[in-house]
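Engineer: Okay, here's the structure, questions in a sec.
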Amino acid sequence: MRAKSGGKRIGAAKLILAALVLGLSGLLQRQSLAQPAEDLQAHVQDAIAGLRDQDPEVRASAAETLGDIAKEVQDGAALEPAIPPLIEALQDEDTNVRGRAAEALAWIARKFRDQPALAPGIPPLTEALQDESAAVRRSAAWALRCIAEKVQDQAALQRAIPALIEALQDENEWVRGNAAWALSWTTARVQDEAALEAAIPALIQAFQEDDAYVGARPGAAFAFVNIANNGAREAALLPAIQPLIEVLQDEDVRARGNAACALGTIASNVEDDTALKPAIAPLIEGLQDPDSYPRQAAASALGRIAANVEDQAALEPAIAPLVQALQDEDAEVRGNAASALEAVLSPRQYLAANHTVINMDDFESSMGLLEPILADYEVILTGESHRLDMSYALRLEFTKYLQRKLGVRYILWENGPSWAAALNDYLEAGDTTFFDGMDKYLQSYPQEIREPMGEFWRAIGEFNDTLPDEEKLTVVGVDIEHQPGFALEYLARLLPDTRPPRRIGPTLHALRQRANAPPGPSPPGRRFGVRLNDDIASQRAAYASYLGDRFAEFELVAESLAASHERYTALGRGDRRTAGNIRDAHMYESFRKQYNANPPGKYFGQFGTTHTFRAPFRGVTEIAAHMEGDDSPVSGRVLTILFAYVDGETILIDTQHGTYEAWPYVYGVFYPPPTMVDFCTDEQLVLLKLIGPGSPFDTIRLDPRMEAGTTEYFQFLLLVRGARLAVPGGWH
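Just so you know, we're using numbering that gives the first Met the number 0 here: the sequence shown kicks off at 0 and counts up by one.
Shown next as structure tokens:
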């Protein structure tokens, strides 16, 4: 080791010079370096000159002054000329000079993002780790820590590793602590496997040190983050796991947090999941740490371990604490806990805790999974396949349940407003026009479709009769008019018996003629709907005056007829995407108008599958996605329950593609993947809740064409076993 320099006399001139240099630091602090740049440069040059003075006290004071300047300046560029003489001063014969020079280099390094001029200081600082003076060793280790944080020179840093490893055994705790932190930054830069692994035994031993705040444990724990990331072999990392687990109980908050970070990083870089299991319980305990950093790191580490541990039962104890951590006051803890839950809760595990069997004979008592959140929503939608025989039975049960539990007042119907008006006449007064229309205009619909439709609405009528007047259900038709002949008949019934104003008379005369035309292969009303809609737009006041309080209904049906023409015209061109967007945009606009006009109340509707998607799908913005738009009166309050059919005629699971990444879509029916089907092995109906804390379905896409996580589209999935095609031959 280098010996201390002996004392000697200092002449009067030297004392004066020393006093001048010693006073420079105080002057800089008092002025807060507000002087011009040329004055700062002059101070730096004066201090550099002092480093070459024959008097060691002057040299030490000059080094100290450069450190003081570095503390104060925002930009270290002015100090770059001081780096070479300070590096040279690391070889000074005087202990104080060497220590002050190392300290000044540390302060200067903190002002640079990456300063290559600092790299030449690494060898002499490494040598200084062997200095006889503990103060010099301490300053050298600190300088290496600061330089390693900022310098990208891998070769220079790699050469320092053996000396830093040795410094972990230093008798001085400050040396050990700074050496550990220097290693943590050095290992972040170095990617040499052998050099990294050589540090592991000494770092593990550093965990046993009983050091104070500046001890080695925090830096040593963080070093393992970089060692694991930069290529250390699994065999070298595994011995660090148990010592890191013990550091999770350290009194130093940084040590606890860094150990958790290291365990998470190691978990991502090893395949032996059995070695990671002992870390789970102490990491769970770390979620309750009084300091936020260990909580953040513990949540993140649990997520990384979960991604690598096949024994999911070992992770179950983490679920409840992670769910609780979603309420943590620290935003990063909450975010890491949510990410960890996605890994801890595999889709199957999550669904095991979030599913229930539905009993059609006791439907209401089966809905405990759904009931607690119903009050948060204003519109509840179920999505089904029109071609299966259970559609109306399920619609009826949902309607009655939601009316009783949520007070649903309006039934949204995937049909035009003219059909809804006829249904309301039936529900209110027993008028059979609706059923007459089914017989007349729905002859193209197979009996297997028309019969359950009629039975459903008769059952709704019977149910309505049991309700007080203020709770009775009203039908809201939002679709285009698929049966224009029926729509024209309804419009004609709305017309007064009096003569219309002359300027709208020809159009209304044409309306009566078409309404009386018999049904035929060429619907008489779609193109006429465009003419009528345009005439209303140009003669609105006349129509409003003539129709009175019937005008709003009249206009709504006319708009639906016009939209029907646009939609079917696009279909005729083969443009299904445009047709879909026309239809669903109209459906939303029709809903919005009726929502604003109706007395307050909640809505339930059962639509074809994709109409209930709350986000765009395959280039079409469905009605539910419009409802979730920023300008929607029900934005954020739409709940979707999608029906998925497990088996049945031609409803078969696709075992090749039945995964969470690819969920085939055919004729409006989603095929649930086998991992979901398992929940419906012996049951006809199983409700799966996809939303909730830690849901993996917030990110998992059950169809590759989804543009976001599944829960952006629908929040519940109803598995239906044993559904059959409503019509033999697959009518759709």
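The beta carbon of each residue, even a glycine, is placed where N, CA and C say it ideally should be.
Report yes or no: do the stretch 581 to 596 and the stretch 558 to 566 share at least 3 C-beta pairs separated by less than 8 Å?
Structural biologist: yes
Engineer: Expressed to the nearest angstrom, what Euclidean distance is found between the alpha-carbon atoms of residue 499 and residue 490?
Structural biologist: Taking the first residue of the sequence shown as 1, we reach residue 499 at position 500. Taking the first residue of the sequence shown as 1, we reach residue 490 at position 491. Rounded to the nearest angstrom, the two C-alpha atoms are 14 Å apart.
Engineer: Note down, in chain order, each residue of its chain lying with its Cβ closer than 6 Å to the Cβ of residue 205, except the 5 sequence neighbours on either side.
Structural biologist: Here residue 205 corresponds to residue number 206 of the sequence shown, with the count starting at 1. Once the five neighbours on either side are set aside, the close Cβ partners of residue 205 are 167, 179, 215, 219.
Engineer: Span of the beta strand (DSSP E) holding residue 605?
Structural biologist: Counting from 1 along the sequence shown, the entry for residue 605 is found at position 606. That run of the beta strand (DSSP E) goes 601 to 607.
Engineer: Out of 506, 175, 234, point me to the one whose CA is closest to residue 207's CA.
Structural biologist: Within the sequence shown, residue 207 is the residue found at index 208, counting from 1. Comparing Cα-Cα distances from residue 207 to each of 506, 175, 234, the minimum goes to 175.
Engineer: Would you call the CB atoms of residue 377 and residue 633 closer than 8 Å?
Structural biologist: Numbered from 1 along the sequence shown, position 378 holds the residue referred to as residue 377. Numbered from 1 along the sequence shown, position 634 holds the residue referred to as residue 633. Against a cut-off of 8 Å, the Cβ pair of residue 633 and residue 377 comes out as a contact.
Engineer: Below 6 Å CB to CB, which residues in the same chain sit around residue 357 once its five sequence neighbours on both sides are set aside?
Structural biologist: Taking the sequence shown and counting its residues from 1, the one referred to as residue 357 is at position 358. Contacts found: 365, 684, 686.
Engineer: In the DSSP assignment, what are the bridge partners of residue 184?
Structural biologist: As a position in the sequence shown, residue 184 is number 185, starting the count at 1. Per DSSP, residue 184 has no beta bridge partner at all.
Engineer: Just to confirm the assignment, what range does the alpha helix (DSSP H) spanning residue 542 have?
Structural biologist: Within the sequence shown, numbered from 1, the residue matching residue 542 stands at position 543. Taken as a continuous stretch (DSSP letters only), the alpha helix (DSSP H) holding residue 542 covers 539 to 546.
Engineer: Check for me: the alpha helix (DSSP H) holding residue 428 runs from which residue to which?
Structural biologist: Position 429 of the sequence shown holds residue 428. Element bounds for residue 428: 416 to 428.
Engineer: By Cβ distance, which residues of its chain are closer than 7 Å to residue 159, with the 5 residues on each side in sequence left out?
Structural biologist: As a first step, residue 159 is located in the sequence shown; it is residue number 160 there, counting from the start. These residues qualify, in order along the chain: 121, 125, 143, 185.
Engineer: Could you check the C-alpha separation between residue 28 and residue 66 for me, to the nearest Å?
Structural biologist: By one-based count along the sequence shown, residue 28 stands at place 29. By one-based count along the sequence shown, residue 66 stands at place 67. Confidence at residue 28 is low in this model, with a pLDDT of 46, below 50, so its placement is unreliable and the value that follows should be read with caution. Answer to the nearest angstrom: the Cα atoms are 12 Å apart.
Engineer: Is residue 554 buried or exposed, if buried means 16 or more other CB atoms sit within 10 Å of its CB?
Structural biologist: In the sequence shown, residue 554 corresponds to position 555, counting from 1. Per the 10 Å Cβ criterion, buried.
Engineer: Could you spell out where the beta strand (DSSP E) holding residue 354 opens and where it closes?
Structural biologist: Here residue 354 refers to the residue found at position 355 of the sequence shown. First-last of the beta strand (DSSP E) with residue 354: 354 to 356.
Engineer: Helix, strand or coil for residue 641? Go by DSSP, reduced to three states.
Structural biologist: Stepping through the sequence shown from its first residue, residue 641 is reached at position 642. In the structure shown, residue 641 sits in a strand (DSSP, three-state: E or B).
Engineer: Please report the straight-line C-alpha distance between residue 443 and residue 350, rounded to a whole angstrom.
Structural biologist: Position 444 of the sequence shown, counted from the first residue, corresponds to residue 443. Position 351 of the sequence shown, counted from the first residue, corresponds to residue 350. CA-CA distance, residue 443 to residue 350, rounds to 42 Å.
Engineer: Counting pairs of beta carbons, one from the stretch 304 to 317 and one from the stretch 273 to 280, are three or more of them closer than 8 Å?
Structural biologist: yes
Engineer: In three-state DSSP terms, what is residue 235?
Structural biologist: Position 236 of the sequence shown holds residue 235. In this structure, residue 235 counts as helix in the three-state DSSP scheme.
Engineer: Straight-line CA distance for residue 713 to residue 347?
Structural biologist: Here residue 713 refers to the residue found at position 714 when the sequence shown is read from its first residue. Here residue 347 refers to the residue found at position 348 when the sequence shown is read from its first residue. Using only the alpha carbons, I get a separation of about 18 Å.
Engineer: Can you list, in chain order, the residues of its chain with a C-beta nearer than 7 Å to that of residue 362? Leave out the 5 residues immediately preceding and following it.
Structural biologist: The sequence position of residue 362 within the sequence shown is 363, counting from 1. So the qualifying residues of the chain are 396, 400.
Engineer: With a Cβ-Cβ cutoff of 8 Å, do residue 317 and residue 265 count as a contact?
Structural biologist: For the purposes of this step, residue 317 is taken as residue 318 along the sequence shown, with counting starting at 1. For the purposes of this step, residue 265 is taken as residue 266 along the sequence shown, with counting starting at 1. Not in contact: residue 317 and residue 265 (Cβ atoms no closer than 8 Å).
Engineer: Taking only three categories from DSSP, how would you classify residue 687?
Structural biologist: Residue 687 sits at position 688 when you count from the first residue of the sequence shown. It is a strand residue.
Engineer: Report buried or exposed for residue 484, applying the criterion of at least 16 other Cβ atoms within 10 angstroms of its Cβ.
Structural biologist: As a first step, residue 484 must be located in the sequence shown, where it is residue number 485. The residue in question, residue 484, is buried, as its Cβ has 16 or more Cβ neighbours within 10 Å.
Engineer: Decide if residue 711 is buried, meaning its Cβ has at least 16 other Cβ atoms within 10 Å, or exposed.
Structural biologist: To locate residue 711, count along the sequence shown from 1; it is residue 712. Flag for residue 711 reads buried.
Engineer: In angstroms with no decimal places, state the Cα-to-Cα distance between residue 19 and residue 113.
Structural biologist: In the sequence shown, the residue the question calls residue 19 occupies position 20. In the sequence shown, the residue the question calls residue 113 occupies position 114. Note that residue 19 has pLDDT 43, beneath the 50 cutoff, so the model's placement of it is unreliable and no number is given.
Engineer: Using the three-state DSSP reduction, which class does residue 347 fall into: helix, strand or coil?
Structural biologist: Sequence index remark: in the sequence shown, residue 347 carries index 348 (1-based). DSSP places residue 347 in helix when its eight states are reduced to three.
Engineer: Determine the contact status of residue 480 and residue 415, defining contact as a CB-CB distance below 8 Å.
Structural biologist: The residue labelled residue 480 in the question sits at position 481 within the sequence shown. The residue labelled residue 415 in the question sits at position 416 within the sequence shown. The Cβ atoms of residue 480 and residue 415 sit closer than 8 Å to each other.
Engineer: Please look up how many angstroms separate the CB atoms of residue 77 and residue 117, rounded, as I've assumed it's under 8 Å.
Structural biologist: Here residue 77 refers to the residue found at position 78 when the sequence shown is read from its first residue. Here residue 117 refers to the residue found at position 118 when the sequence shown is read from its first residue. Incorrect: roughly 15 Å between the Cβ atoms, too far for contact.
Engineer: Taking the CB atoms as reference points, tell me whether residue 182 and residue 231 lie closer together than 8 Å.
Structural biologist: If you number the sequence shown from 1, residue 182 lands on position 183. If you number the sequence shown from 1, residue 231 lands on position 232. Not closer than 8 Å, so no.
Engineer: Return the CA-CA distance between residue 441 and residue 614, expressed in angstroms with no decimal places.
Structural biologist: What you label residue 441 is simply residue 442 of the sequence shown in a count that begins at 1. What you label residue 614 is simply residue 615 of the sequence shown in a count that begins at 1. Roughly 32 Å between the two C-alpha positions.
Engineer: In its own chain, which residues sit with a C-beta less than 7 Å from the C-beta of residue 733, not counting the 5 before and 5 after it?
Structural biologist: Beyond the ends of the chain as shown, which are 0 and 731, falls residue 733; an answer cannot be given.
Engineer: Report the option in 69, 70, 91 whose CA atom is closest to the CA atom of residue 57.
Structural biologist: Counting from 1 along the sequence shown, the entry for residue 57 is found at position 58. It is 91.
Engineer: From residue 508 to residue 514, what does the alpha carbon distance come to, in whole angstroms?
Structural biologist: Reading the sequence shown from its first residue, position 509 is the one you call residue 508. Reading the sequence shown from its first residue, position 515 is the one you call residue 514. Their Cα atoms are separated by approximately 10 Å.
Engineer: What would DSSP say about residue 383, mapped onto helix, strand or coil?
Structural biologist: For the purposes of this step, residue 383 is taken as residue 384 along the sequence shown, with counting starting at 1. Here residue 383 sits in strand by DSSP.
Engineer: Taking 8 Å as the threshold (C-beta atoms), are residue 641 and residue 382 in contact?
Structural biologist: Translated into the one-based positions of the sequence shown, residue 382 becomes position 383. Translated into the one-based positions of the sequence shown, residue 641 becomes position 642. The beta carbons of residue 382 and residue 641 sit closer together than 8 Å.
Engineer: If you count every other CB in all the chains shown that lies within 10 Å of the CB of residue 257, and 16 or more means buried, which is it?
Structural biologist: What you label residue 257 is simply residue 258 of the sequence shown in a count that begins at 1. So residue 257 ends up on the buried side.
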